[in-house]
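A.B. asks: Residue numbers (my numbering): 1409 to 1782.
For every residue, glycine included, the Cβ atom is placed at its ideal position computed from N, Cα and C.
None of these values were measured; they are calculated from a predicted model.
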């Protein structure tokens, strides 16, 4: 998987703060500006692999899954009255280097298993390991930025982690919500986080809206305590304390309220603290992340450049001419009608069971400009 986020967090929230999660349909975000974790979306588009394990590609053999996904999913959002802003990852934080090394090791292992699966003709294993080998490249990112510019959709290049910048945009009231599969967007303090927004309609996944205030209320924690709790659960930036699972982590935070006291009081023989455990630096990274000052960001949506899109998608990437022209027409039409704004009382909430258990793996990614109305 491309990103981990916070291990087991969605299950903890479903168990302790079920009222913090609401299932919604896309049209309930009509008139809303939403910041989207671009790298996470691209990863999802790239793993939308055919049954034989191959990706969608142009005649030249180049992969086009990322462009197809971004073009059509963005149009679908815009048609539902959403004003999307894509946020791209910058450089990874230094604290993430150990996690990135581990991913490289897992990738090498997956390459070997993929080769074995191909030799054995095992289509299920081929599909499984080809997904694990999927990586968002600089070329994928650059092509998607070019596509968004031609579509008239704004994007931001974060100095560091995209989900931290998304959370900052929500907190600054520049956007209504952050859309990602990375649960640490909540740890960065995003007031509202959406999961499954950019999933395909075929998956029939209702969008899950997480409200941070309700998460904290259900867990009876402050933001600072929640950050320490997430570090105990397991994040991308430091190892966990062996033997401390979600239940133990929750009990420790309830009893001692912060990691300093936990480190002091914990039975080190039973629960060995990792060597040189940099939890203070990780806490600072979550509470004071490296982001662009949102007051300097102006978001602007423009009309699509039809000729530019035809040149790029049809001539260079072998998209069907009519589909691109129709896509442009939909973008233009949606831009014309989006000026109507939103009526807050007009929204759709799907019936949700109060204690719907989230699947354990769901906290992991299964997949990584103008002022918006709040």
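Closer than 8 Å is the cut-off here; do at least three beta carbon pairs connect the region 1589-1601 with the region 1631-1641?
C.D. replies: Verdict: yes, contact present.
A.B. asks: Over the uninterrupted alpha helix (DSSP H) stretch that includes residue 1649, give me the two end residues.
C.D. replies: The sequence position of residue 1649 within the chain shown is 241, counting from 1. Taken as a continuous stretch (DSSP letters only), residue 1649 belongs to no alpha helix (DSSP H), as it is neither H nor E.
A.B. asks: Check this for me: beta carbons of residue 1479 and residue 1716, under 8 Å apart or not?
C.D. replies: To locate residue 1479, count along the chain shown from 1; it is residue 71. To locate residue 1716, count along the chain shown from 1; it is residue 308. For residue 1479 and residue 1716, no; Cβs fall outside 8 Å.
A.B. asks: Under a three-way DSSP split, which group does residue 1426 fall into?
C.D. replies: Your numbering for residue 1426 matches position 18 in the chain shown. Helix.
A.B. asks: For residue 1474, count neighbouring C-beta atoms within 10 Å of its own C-beta (all shown protein chains included) and say buried if the count is 16 or more, exposed if not.
C.D. replies: The sequence position of residue 1474 within the chain shown is 66, counting from 1. Buried, because 16 or more other Cβ atoms sit within 10 Å of the Cβ of residue 1474.
A.B. asks: Just the Cα atoms here: how many angstroms apart are residue 1587 and residue 1653?
C.D. replies: Translated into positions along the chain shown, residue 1587 becomes position 179. Translated into positions along the chain shown, residue 1653 becomes position 245. Spanning the two alpha carbons is a distance of roughly 27 Å.
A.B. asks: Could you spell out the range, first to last residue, of the alpha helix (DSSP H) harbouring residue 1744?
C.D. replies: Position 336 of the chain shown, counted from the start, is the residue given in the question as residue 1744. Its alpha helix (DSSP H) spans residues 1729-1745.
A.B. asks: Can you tell me where the alpha helix (DSSP H) with residue 1720 in it begins and where it stops?
C.D. replies: Here residue 1720 is taken as the residue at index 312 of the chain shown, counted from 1. Run containing residue 1720: none; DSSP gives neither H nor E here.
A.B. asks: What did DSSP end up calling residue 1601 once you bin it into helix, strand or coil?
C.D. replies: In the chain shown, residue 1601 corresponds to position 193, counting from 1. In the structure shown, residue 1601 sits in a strand (DSSP, three-state: E or B).
A.B. asks: Pick helix, strand or coil for residue 1593, following the three-state DSSP scheme.
C.D. replies: In the chain shown, the residue the question calls residue 1593 occupies position 185. In this structure, residue 1593 counts as helix in the three-state DSSP scheme.
A.B. asks: Just mark residue 1613 as buried or exposed, buried being the case when its beta carbon has 16 or more other beta carbons within 10 Å.
C.D. replies: Here residue 1613 refers to the residue found at position 205 of the chain shown. Residue 1613 is exposed by the Cβ-count criterion.
A.B. asks: Quick one: grab the DSSP three-state call for residue 1492.
C.D. replies: On the chain shown, residue 1492 is found 84 positions in, with the first residue counted as 1. Residue 1492: strand per DSSP, three-state reduction.
A.B. asks: Quick one: what does DSSP say residue 1453 is sitting in, helix, strand or coil?
C.D. replies: Locating residue 1453 in the chain shown gives position 45, counting from the first residue. Correct three-state label for residue 1453: helix.
A.B. asks: Specify, as a first and last residue, the run of the alpha helix (DSSP H) that residue 1441 falls within.
C.D. replies: Locating residue 1441 in the chain shown gives position 33, where the first residue counts as 1. From DSSP, residue 1441 is part of no alpha helix (DSSP H) but of the beta strand (DSSP E) over 1441-1445.
A.B. asks: Please determine, among 1414, 1559, 1600 and 1431, the residue with the shortest C-alpha to C-alpha distance to residue 1482.
C.D. replies: Translated into positions along the chain shown, residue 1482 becomes position 74. Nearest of 1414, 1559, 1600 and 1431 to residue 1482, Cα basis: 1559.
A.B. asks: Per DSSP, which residues does residue 1587 bridge with? Please list them.
C.D. replies: Numbered from its first residue, the chain shown carries residue 1587 at position 179. Looking at the DSSP assignment, residue 1587 forms a beta bridge with 1444 and 1602.
A.B. asks: For the structure I just gave you, are there three or more beta carbon pairs, one from the region 1691-1703 and one from the region 1648-1662, closer than 8 Å?
C.D. replies: Result no; under three Cβ-Cβ pairs closer than 8 Å.
A.B. asks: Quick one: what's got a C-beta closer than 6 Å to residue 1607's C-beta in the same chain, skipping five residues either side?
C.D. replies: Here residue 1607 refers to the residue found at position 199 when the chain shown is read from its first residue. The residues are 1613.
A.B. asks: Let's test the definition: count the other Cβ atoms within 10 Å of the Cβ of residue 1489 and tell me whether it reaches 16, buried, or not, exposed.
C.D. replies: Start at 1 with the first residue of the chain shown, and residue 1489 comes out as number 81. Answer is buried; the Cβ neighbour count reaches 16.
A.B. asks: When you compare only the Cα positions, how much space is there between residue 1701 and residue 1486?
C.D. replies: Numbered from 1 along the chain shown, position 293 holds the residue referred to as residue 1701. Numbered from 1 along the chain shown, position 78 holds the residue referred to as residue 1486. C-alpha separation (whole angstroms): 26 Å.
A.B. asks: Does the pairing of the region 1546-1559 with the region 1447-1455 give three or more beta-carbon distances under 8 Å?
C.D. replies: The region 1546-1559, when compared against the region 1447-1455, does touch it at the 8 Å Cβ threshold.
A.B. asks: From the DSSP output, in three-state form, read off residue 1696 for me.
C.D. replies: Looking up residue 1696 in the chain shown gives position 288. Here residue 1696 sits in coil by DSSP.
A.B. asks: As a quick exercise: from 1484, 1437, 1499 and 1427, pick the residue whose alpha carbon is nearest that of residue 1697.
C.D. replies: Indexing the chain shown from 1 puts residue 1697 at position 289. Residue 1499 is the option with its Cα nearest to residue 1697.
A.B. asks: Check whether the Cβ atoms of residue 1428 and residue 1619 lie closer than 8 Å to each other.
C.D. replies: Locating residue 1428 in the chain shown gives position 20, counting from the first residue. Locating residue 1619 in the chain shown gives position 211, counting from the first residue. It is a contact, given that the beta carbons lie within the stated cut-off.
A.B. asks: Using a Cβ-Cβ cutoff of less than 6 Å, which residues in the same chain neighbour residue 1435 once the five nearest sequence positions on both sides are dropped?
C.D. replies: One-based indexing of the chain shown puts residue 1435 at position 27. Result list for residue 1435: 1488, in chain order.
A.B. asks: Using beta-carbon positions only, say whether residue 1497 and residue 1570 come within less than 8 Å of one another.
C.D. replies: Your numbering for residue 1497 matches position 89 in the chain shown. Your numbering for residue 1570 matches position 162 in the chain shown. Cβ distance < 8 Å, so residue 1497 and residue 1570 count as in contact.
A.B. asks: In whole angstroms, what separates the C-alpha of residue 1442 from that of residue 1673?
C.D. replies: As a working mapping, residue 1442 is identified with position 34 in the chain shown. As a working mapping, residue 1673 is identified with position 265 in the chain shown. Rounded to the nearest angstrom, the two C-alpha atoms are 43 Å apart.
A.B. asks: Mind checking who residue 1617 pairs with in its DSSP beta bridge?
C.D. replies: Position 209 of the chain shown, counted from the start, is the residue given in the question as residue 1617. Paired residue(s): 1430 and 1602.
A.B. asks: If you compare alpha carbons, which of 1492, 1572, 1491 and 1739 is closest to residue 1413?
C.D. replies: On the chain shown, position 5 is the one that residue 1413 refers to. Closest by alpha carbon: 1572.
A.B. asks: What is the residue span of the beta strand (DSSP E) that residue 1565 lies within?
C.D. replies: The count along the chain shown starts at 1 and reaches residue 1565 at position 157. That run of the beta strand (DSSP E) goes 1563-1565.
A.B. asks: Measure the Cβ-Cβ separation of residue 1417 and residue 1591 and say whether it is below 8 Å.
C.D. replies: Here residue 1417 refers to the residue found at position 9 when the chain shown is read from its first residue. Here residue 1591 refers to the residue found at position 183 when the chain shown is read from its first residue. Yes, the Cβ-Cβ distance between residue 1417 and residue 1591 is below 8 Å.
A.B. asks: Find the nearest neighbour of residue 1543 within the set 1561, 1471 and 1501, judged by alpha-carbon distance.
C.D. replies: As a position in the chain shown, residue 1543 is number 135, starting the count at 1. Taking only the C-alpha atoms, the option nearest residue 1543 is 1471.
A.B. asks: Go to residue 1667, then tell me how far its alpha helix (DSSP H) extends in each direction, as first and last residue.
C.D. replies: Start at 1 with the first residue of the chain shown, and residue 1667 comes out as number 259. First-last of the alpha helix (DSSP H) with residue 1667: 1667-1673.
A.B. asks: Tell me the residue span of the alpha helix (DSSP H) that contains residue 1576.
C.D. replies: Your numbering for residue 1576 matches position 168 in the chain shown. Here the alpha helix (DSSP H) through residue 1576 covers 1570-1579.
A.B. asks: Quick one: what does DSSP say residue 1776 is sitting in, helix, strand or coil?
C.D. replies: In the chain shown, the residue the question calls residue 1776 occupies position 368. Here the model assigns residue 1776 a pLDDT of 40, short of 50, so the residue's position is not dependable and the matter cannot be decided.
A.B. asks: Can you tell me whether residue 1545 is buried or exposed, with buried defined as 16 or more other CB within 10 angstroms of its CB?
C.D. replies: Numbered from its first residue, the chain shown carries residue 1545 at position 137. Residue 1545 comes out exposed.
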